[in-house]
Amino acid sequence: MEYIASRENPKIKYACKLAASAALRAEADAFFAEGPRLCAELAKSCRARAVYMTADAMARWPALAGAEVAAQISEPAAQKLAGVQAHQGVFAIFDTPTPAPARFATAKRLLALEKVQDPGNVGTLLRSAAAFGFDMVVLGPGCADPFAPKTLRASVGAAGRIPLWPVADLPAALTTLRGRGVTCLAAALYNSKPLSALQGGQPGGLCLVVGNEGQGLTDETVAACDLAVRIPMTDQVESLNAGVAGSVLLWHFRGID
Numbered sequence: 392m393e394y395i396a397s398r399e400n401p402k403i404k405y406a407c408k409l410a411a412s413a414a415l416r417a418e419a420d421a422f423f424a425e426g427p428r429l430c431a432e433l434a435k436s437c438r439a440r441a442v443y444m445t446a447d448a449m450a451r452w453p454a455l456a457g458a459e460v461a462a463q464i465s466e467p468a469a470q471k472l473a474g475v476q477a478h479q480g481v482f483a484i485f486d487t488p489t490p491a492p493a494r495f496a497t498a499k500r501l502l503a504l505e506k507v508q509d510p511g512n513v514g515t516l517l518r519s520a521a522a523f524g525f526d527m528v529v530l531g532p533g534c535a536d537p538f539a540p541k542t543l544r545a546s547v548g549a550a551g552r553i554p555l556w557p558v559a560d561l562p563a564a565l566t567t568l569r570g571r572g573v574t575c576l577a578a579a580l581y582n583s584k585p586l587s588a589l590q591g592g593q594p595g596g597l598c599l600v601v602g603n604e605g606q607g608l609t610d611e612t613v614a615a616c617d618l619a620v621r622i623p624m625t626d627q628v629e630s631l632n633a634g635v636a637g638s639v640l641l642w643h644f645r646g647i648d
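Take this note's numbering: the last position of the sequence shown gets the number 648, and nothing is skipped along the way.
Shown next, in the form of structure tokens:
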């Protein structure tokens, strides 16, 4: 097994750059992950290019240490990868999953996000979408990178399991979905109907559309949807953040197909 002692080893420096740069992740079709739980979850759905572990971590998590691409690293190298002194000694580089094109044409239970910039919210929504049986997440412009370290931690590996569809024009993508019978519901406060007003399922499929906490959805995106819906709340709270609101909607529509 390879042993890496130096913080300046090219492999360690490359992993750090991959963690920090969305452009490099896109160019390399790869991403960096940290922590035994996250790496173990991602290994179920993504191919590992490299696994870096300290000696202590190898003893604690032998399944990860047994990977063909595993290498042992020194404590200084681990601290550089973690960016802090406190860490669990497990790091990995994975291939970015690429869904088959047919998935885009057949998905019937979708979540679409517009300008959800907070990594914690995006990660939470990916995790909720996977938990409640949705087929795909559509990512419009301005969303946090689903494979950035903070987003990955919040999704607890869901970014590797649920197919992702990045689009340059979200209203156009929604129009395409509606063209094949998918009902698109915009989460909005104004000119919207309460969830209780919706009756029955959506046999052609369903797409929930969620915007960011501060601005919500653009008028163009709302107009591209069939209907705007809202979550009934008391007047003591004006709104919910995107992660919470989207998760409530995903749970509410978990049985519709």
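We put the CB at the ideal spot given by N, CA and C, even for glycine.
| Query | Result |
| --- | --- |
| Starting from C575, follow its DSSP beta bridges and name the residues at the other end. | C598 |
| Provide the residue span of the alpha helix (DSSP H) that contains E432, from first to last. | 427-434 |
| From A456 to H478, what does the alpha carbon distance come to, in whole angstroms? | 16 Å |
| What are the uninterrupted segments assigned as alpha helix (DSSP H) that are 4 or more residues long and contained completely in the region 530-578, given in chain order? | 540-546, 549-552, 561-570 |
| Please say whether P510 and A535 have beta carbons closer to each other than 7 Å? | yes |
| Measuring straight from C-alpha to C-alpha, what distance separates E661 and L429? | Outside the shown range of the chain (392 to 648) lies residue 661, about which nothing can therefore be said. |
| With DSSP collapsed to three states, give me the class of Y581. | coil |
| Looking at the structure shown, is I395 part of a helix, part of a strand, or coil, going by DSSP? | strand |
| Note the first and the last residue of the continuous alpha helix (DSSP H) segment covering E466. | 466-473 |
| Can we say the region 552-560 touches the region 572-588, given the rule of at least three CB pairs closer than 8 Å? | no |
| Could you please give the first and the last residue of the uninterrupted alpha helix (DSSP H) stretch that includes I403? | 401-411 |
| So R494 and M527 are in contact, right, with Cβ under 8 Å, and what is the actual spacing, rounded? | 6 Å |
| Tell me which residue opens and which closes the beta strand (DSSP E) that D486 is part of. | 481-486 |
| Where do the ends of the beta strand (DSSP E) carrying V442 lie? | 439-444 |
| Going by beta carbon distance, what residues of the same chain come within less than 6 Å of D648, once the five residues before and after it are set aside? | Note that D648 scores 49 on pLDDT, short of 50, meaning its location in the model is unreliable; the coordinates nonetheless yield the value given after this. Cβ neighbours of D648 beyond the five flanking positions: none. |
| In the DSSP output, which residue or residues are listed as bridge partners for G511? | Beta-bridge pairing links G511 to no other residue. |
| Alpha carbon to alpha carbon, what distance is there between A615 and L608? | 11 Å |
| Name the residue from A564, G551, T515, K541 whose alpha carbon lies nearest to the alpha carbon of P532. | A564 |
| Between C373 and T542, what straight-line distance do the alpha-carbon atoms span, to the nearest angstrom? | No information on residue 373 is available, as it lies outside the stretch 392 to 648 that the chain covers here. |
| With distances taken Cα to Cα, identify the nearest neighbour of A469 among V481, T489, G570. | V481 |
| Please classify F423: does DSSP put it in a helix, a strand, or coil? | strand |
| Output the boundary residues of the beta strand (DSSP E) element that contains R621. | 618-621 |
| Tell me whether V635 sits in a helix, a strand or coil according to DSSP, three-state version. | helix |
| Measure the C-alpha to C-alpha separation of G570 and C437 and round it to an integer number of angstroms. | 32 Å |
| If you count every other CB in all the chains shown that lies within 10 Å of the CB of W452, and 16 or more means buried, which is it? | buried |
| For my contact list, G634 and G596 are in at a C-beta cut-off of 8 Å; report their separation, rounded to the angstrom. | The Cβ separation is near 23 Å, so there is no contact. |
| Quick check: what's the CA-CA separation for I403 versus L433? | 20 Å |
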